Amino acid sequence: MDRRRLEDYFARTPRLAELCTQNGWPDPETLRVEVLDRDGDALLCSVSFEEVIMEGAGCVAGRVDCWGRYRVSQGDDGDIDAELLAGSRG
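In case it helps, this note's numbering puts the sequence shown at residues 9 to 98.
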């Protein structure tokens with residue numbers, strides 16, 4: 009699995025919402041993915057981003073740093089699967 013495909017997966021997956029702590033959403037501009045280790049066909053990845061928090065009026069109220077560690081694998085069909093191992097909510 010190449011780095012670009014891995015970054016694209018995390019930029020699009022709803023799985024990052026499980027790391028959000030304030031019911032906000034991940035800011036894709038702050039997304040960082042780092043491969044920490046390889047275990048056979050699986051990768052251990054560190055993922056971090058800023059969660060955007062909104063006020064009721066629609067203004068940005070703040071940002072919260074979020075992080076997680078995922079075990080990432082790619083199936084024979086090419087689909088990527090990520091399992092949260094630890095994180096800001098895990």
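Ideal Cβ positions, reconstructed from N, Cα and C, are used throughout, including at glycine. Predicted, not measured: the structure shown is a model, and the values here were computed from it.
_Quick check on the burial criterion: 16 or more other C-beta atoms within 10 angstroms. Buried or exposed for G98?_
Unreliable positioning characterises G98 in this predicted model, as indicated by a pLDDT of 46, which lies under 50. The coordinate reading is nonetheless provided below. Classification for G98: exposed.
_Cβ separation of T4 and E15, assumed to be a contact under 8 angstroms, to the nearest whole Å_ = No statement about residue 4 is possible, as the shown extent of the chain runs from 9 to 98 and does not include it.
*Identity of the residues DSSP links to Q82 by a beta bridge*: Answer by DSSP bridge pairing, in chain order: I88.
_What does the alpha-carbon distance come out to for the pair V80 and L24?_
Each residue's Cα considered, the two are about 13 angstroms apart.
*Taking only the alpha-carbon atoms, compute the straight-line gap between A50 and G76 and give it to the nearest angstrom.*
16 angstroms
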